[in-house]
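Student: Chains as they are written, first to last, in the working numbering: chain Z, 1 to 294; chain S, 295 to 576. Let me begin by handing over the structure; questions about it come next.
The structure is reproduced here in structure tokens:
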């Protein structure tokens, strides 16, 4: 460690090295976050310059709001399906792509491509796929599954959203799993094969336990991203039909910026923060417990 | 020996079915892009008749029209300026901050570092309303590229400081002490000795941040209001809203939007793939 003498010298180094970042970070993240908690306790409507403190009333309104809960449970359903499917597919792809396949790098890059492109563009591409191409296939081949657009059907639209998200994220999570799989020492497999362990046993007894650190990361990333999804939701379904796909981020956005109920929107947003923080922290805590010492 | 032979025999059937499966899945993954490319060259009628095939009337004017109607250059230029400057500024300031937090272990530094790490749990949605309120109605700073870049530094610094901090732990102090003894200032020591050593981390962070900022939609949609300031995702989205049923035109527009990222990926493929892997492990 480097030691410093006077207070002025100390302050100067702080300002040079950490000053700009600290200032910007506080003014963009921390102050708005704290101010947001305050706003959620007021009746601000976005226009009036005068607003007053109304305590927890916004939160009570939120808890009684059926549309909010509908959106919340819809989000849970979406998050659960997406997180499970993304991780299963990503792991299987990563497993197959670390066994010496021809064109491994090409395949890895190919699966990763969707993740390069922003949610808006992905959503618009799939909007075309679901509303035009799949309907065309369904009608030509007489497949009732696709003969009407999934995006117009309240039962199927959410699954369309799940499919696009799985497609978007599985390549990225696959890369993280590959990084984990490559780090497992080869001797372990050799020893296991000599001992007569089957492929299934090798996966269950060696790979999965040693892959826990990768799963900590991929679960964290997929949980966080799927809770906060907005772009794909907007471009693919815009919450429709009949609010059947209005996930929580979009709900908050509409509450605040379209319905102009900023205080209530902010209360919902803060509630979202509590849920996301609690779930991701719990996930990291519990999955870390599964980690084995090498 | 019999044992290994058995392994191999079963292996070859397994291996070819594995190949088949993987390439089949890859085809499914890339199928939407195929659709965009082929339909970008068609007119509306042939898309409605058959969106899958290559036949039909070729309509190259789709690209010209999409290019002008979505104000492509403007969007591209805005995205480029915002992404490039934000990414450079984030790398510059975050590395300095991480270095400072690691080498000077004061109480305040520990609190700030903890706040940055903890802030990664905050969803953007919990900040956006007060953010718009503070920078919009109070400070009247919205609709401005520079304020967006400023915000990207704020939102991006926590992850970057965290990743730099983790990597710097492995760099020994002796080199720096030698430089200080030789009369370098701390700034010189940092930029001449430490920063070059951080290259792999810098590349990782540049990749992560480029993909994030180039593709970001929600923050720019709140900050940038006038048409002239729109980034590429914004102009694509509004373009799509205006020409909802002219599919050929829309696909040409989407293809134009995708091309720069694909070019970036092809040029930097190794860095992108390893960057995405490294970024997550740290």
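Think of the CB as a built atom: it goes at the ideal place given N, C-alpha and C, for glycine as much as any other residue.
Near residue 474 (chain S), which residues of its chain fall below 8 Å by C-beta distance, leaving aside the five closest residues on each side in sequence?
Tutor: 480 and 483
Student: Using a Cβ cut-off of 8 Å (strictly closer), state whether residue 139 (chain Z) contacts chain S.
Tutor: no
Student: Any beta carbon from chain S within less than 8 Å of residue 280 (chain Z)'s own beta carbon?
Tutor: yes
Student: Quick one, which residues of the segment 475-503 of chain S are near chain Z if we go by CB-CB under 7 Å, in chain order?
Tutor: Hits within the stretch, in order: 480 and 481.
Student: To the nearest angstrom, report how far apart residue 565 (chain S) and residue 571 (chain S) are at their CA atoms.
Tutor: 10 Å
Student: Considering only residues of the segment 471-517 of chain S, which uninterrupted alpha helix (DSSP H) runs meet the minimum length of 4 residues and lie entirely inside it, listed in chain order?
Tutor: 480-483, 493-509 and 512-517
Student: Can you give me the start and stop residues for the alpha helix (DSSP H) that residue 366 (chain S) sits inside?
Tutor: Per DSSP, residue 366 (chain S) belongs to the alpha helix (DSSP H) from 366-397.
Student: Residue 394 (chain S) versus chain Z: which residues are under 8 Å apart at the beta carbon?
Tutor: 13, 14, 17 and 18
Student: Let me see if you follow: with CB-CB separation under 8 Å, is residue 228 (chain Z) close to chain S or not?
Tutor: yes
Student: At the level of alpha carbons, what is the spacing between residue 439 (chain S) and residue 413 (chain S)?
Tutor: 24 Å
Student: Any beta carbon of chain Z sitting closer than 8 Å to that of residue 349 (chain S)?
Tutor: no
Student: With which residues is residue 336 (chain S) paired in a DSSP beta bridge?
Tutor: Paired residues: S:352.
Student: Spell out the partners DSSP gives residue 42 (chain Z) in its beta bridges.
Tutor: Paired residues: Z:53.
Student: I need the straight-line Cα distance from residue 344 (chain S) to residue 352 (chain S), nearest angstrom please.
Tutor: 13 Å
Student: Can you tell which of Z:261, Z:19, Z:119 and Z:73 has the C-alpha that lies nearest to the C-alpha of residue 447 (chain S)?
Tutor: Z:19
Student: For my contact list, residue 58 (chain Z) and residue 267 (chain Z) are in at a C-beta cut-off of 8 Å; report their separation, rounded to the angstrom.
Tutor: The Cβ separation is near 4 Å, so the contact holds.
Student: Pull up the CB-CB distance for residue 164 (chain Z) and residue 81 (chain Z), whole angstroms please, since I reckon it's below 8 Å.
Tutor: Rounded to the nearest angstrom, the Cβ distance from residue 164 (chain Z) to residue 81 (chain Z) is 12 Å, too far for a contact under 8 Å.
Student: Could you tell me which uninterrupted alpha helix (DSSP H) segments, each at least 4 residues in length, are contained entirely in the segment 424-469 of chain S, listed from first to last along the chain?
Tutor: 439-462
Student: Between the segment 392-401 of chain S and the segment 456-464 of chain S, are three or more C-beta pairs nearer than 8 Å?
Tutor: The answer is yes - the segment 456-464 of chain S touches the segment 392-401 of chain S, with three or more Cβ pairs under 8 Å.
Student: Strictly under 8 Å for the Cβ-Cβ distance: is residue 50 (chain Z) near chain S by that measure?
Tutor: no
Student: Count the CB pairs spanning the segment 419-437 of chain S and the segment 24-41 of chain Z that are closer than 8 Å, and state whether there are at least three.
Tutor: Output reads yes: the segment 24-41 of chain Z touches the segment 419-437 of chain S.
Student: Report yes if the CB atom of residue 265 (chain Z) is closer than 8 Å to the CB atom of residue 276 (chain Z), and no otherwise.
Tutor: no
Student: Do you know whose CA, among S:546, S:450 and S:382, lies nearest residue 418 (chain S)'s CA?
Tutor: S:450
Student: Is residue 180 (chain Z) near residue 112 (chain Z), with beta carbons less than 8 Å apart?
Tutor: no
Student: Does any residue of chain Z have a CB that is nearer than 8 Å to the CB of residue 571 (chain S)?
Tutor: yes
Student: When you compare the CB positions of residue 244 (chain Z) and residue 79 (chain Z), do they come within less than 8 Å of one another, or not?
Tutor: no
Student: Mind listing which residues of the segment 424-445 of chain S have their C-beta closer than 9 Å to chain Z's C-betas, in chain order?
Tutor: Hits within the stretch, in order: 424, 425, 426, 427, 428, 429, 431, 444 and 445.
Student: Three or more beta-carbon pairs under 8 Å between the segment 490-502 of chain S and the segment 315-334 of chain S, yes or no?
Tutor: no
Student: Residues in the segment 244-261 of chain Z with C-beta within 7 Å of chain S's C-beta atoms, listed in sequence order?
Tutor: 249, 252 and 256
Student: By the 8 Å beta-carbon criterion, what residues does the segment 156-176 of chain Z contribute toward chain S?
Tutor: Result list: 167, 171, 172, 175 and 176.
Student: Can you tell me whether DSSP reads residue 213 (chain Z) as helix, strand or coil?
Tutor: helix
Student: Residue 123 (chain Z) and residue 219 (chain Z): beta carbons closer than 8 Å?
Tutor: no
Student: Are the C-beta of residue 448 (chain S) and some C-beta of chain Z separated by less than 8 Å?
Tutor: Contact of residue 448 (chain S) with chain Z is assigned, a C-beta pair being separated by under 8 Å.
Student: Counting only Cβ pairs nearer than 9 Å, list the residues of chain S close to residue 198 (chain Z).
Tutor: Here the premise fails: no neighbours, minimum Cβ distance about 11 Å.
Student: Could you tell me the alpha carbon to alpha carbon distance between residue 371 (chain S) and residue 525 (chain S), rounded to whole angstroms?
Tutor: 8 Å
Student: Going along chain Z, which residues have a C-beta under 9 Å from residue 409 (chain S)?
Tutor: What residue 409 (chain S) touches in chain Z: 25, 26, 29 and 30.
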